[in-house]
Amino acid sequence: IIMKLYSIASGSSGNCIYAGTEESGVLIDVGISMKRIVEGLARQSLSLENIRAILITHEHTDHISGLGPVLRRAPIPVYATADTIEAIWTKNNMKNISPELFHSIRPGEEMELARMLISPFSISHDAVDPVCYTIEYENRKLGIATDMGCYSDEIIQNLASCHSVLLEANHDINLLQVGHYPYSLKMRILGDKGHLSNDASARLIREILHPGLQHIILGHLSKENNFPELAYQTVSYELEQSETWSSIQARLLVAERYEPTECLTII
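With the first letter of the sequence shown counted as 1, position 174 gets the number 1174 in the numbering used here; the numbers rise by one all the way through.
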């Protein structure tokens, strides 16, 4: 059985990622409409019945807006940090949903779901207690890491042995600085609890390059302060300065904002 990494949507407008096998898996975040989630899964011959768990990274709307509708349709267990769960219940319409579906997790504590080993780890973002995840199955490991203003040695360690990663490349610093956002929002995005720029994403990728790496997907692009070609070119240029990059077979892709991205198979 092979592992799959499938971005149904990734960007500042909404996020939902599938990780698992051809038969079952988990969703990381549900920040788009249930209709789009169901349609995205159907493209890979999957449905909500194949989803064993929903892993939430943090409580911002572009990561949880579809949670209520999905849970009213299918009672799927939800995993997030305790503070994130509390924030979800405070800000979201959770009418007719059982609190018993929610399970609190702690960064650094592994858990087993759908025969996969899930490892949450802390990130730096302006949410109550945000995490990202690595997911392992039969010696294959995926990493999904977005919404972080900076990266730490711990984040590098968690991602260093991944075979496929979806990493944030949120903005181009120049586009952000000359753009129309208010100064306070620009400072928030550029700060340590904001988002990774294309340049910072490239530096992080260089830290985690290894011969077993098969795919790098650049995700969570800003609609206003980035575009796919720019993210790809910036990161690609930086990686080409690395000897390791030229010696490995990894593919670099950019996740689609409104459409599913090519489903990647980890061999």
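Glycine is no exception: its CB is placed at the ideal position from the N, C-alpha and C atoms. Source: prediction; values computed, not measured.
Taking only the alpha-carbon atoms, compute the straight-line gap between residue i and residue j and give it to the nearest angstrom.
i     : j     : result
H1210 : M1094 : 43 Å
K1091 : A1053 : 21 Å
E1237 : G1066 : Glu is not the amino acid found at residue 1237; the sequence shown has Tyr there. Rounded to the nearest angstrom, the two C-alpha atoms are 36 Å apart.
A1127 : E1022 : 33 Å
T1208 : I1248 : As written in the sequence, residue 1208 is Ile, which differs from the Thr given in the question. Roughly 12 Å between the two C-alpha positions.
I1032 : E1138 : 30 Å
S1024 : L1264 : 15 Å
V1038 : E1049 : 10 Å
E1229 : L1221 : 11 Å
I1135 : L1213 : 14 Å
Indicate the three-state DSSP secondary structure (helix, strand or coil) for residue i in the structure shown.
i     : result
T1244 : helix
K1004 : strand
K1186 : helix
S1197 : strand
A1250 : coil
T1081 : strand
A1255 : coil
A1169 : coil
S1161 : coil
N1145 : The sequence given here has Ala at residue 1145, not Asn. Residue state, collapsed to three classes: strand.
Bridge partners for residue i per DSSP, in chain order?
i     : result
M1111 : I1118
H1220 : H1220 pairs with nothing; no bridge assigned.
L1264 : L1005
H1060 : DSSP, once it has assigned bridges, lists no residue as partnering H1060.
G1020 : K1004 and G1025
R1140 : Y1137
A1053 : V1026
I1105 : T1081
C1132 : F1121
Can you give me the Cβ contacts of residue i inside the same chain, cut-off strictly under 8 Å, excluding the 5 residues immediately before and after it?
i     : result
E1259 : A1009
S1246 : E1240
Please work out which residues of its chain come closer than 7 Å, Cβ to Cβ, to residue i, disregarding the five sequence neighbours upstream and downstream, and give them in chain order.
i     : result
G1108 : F1121
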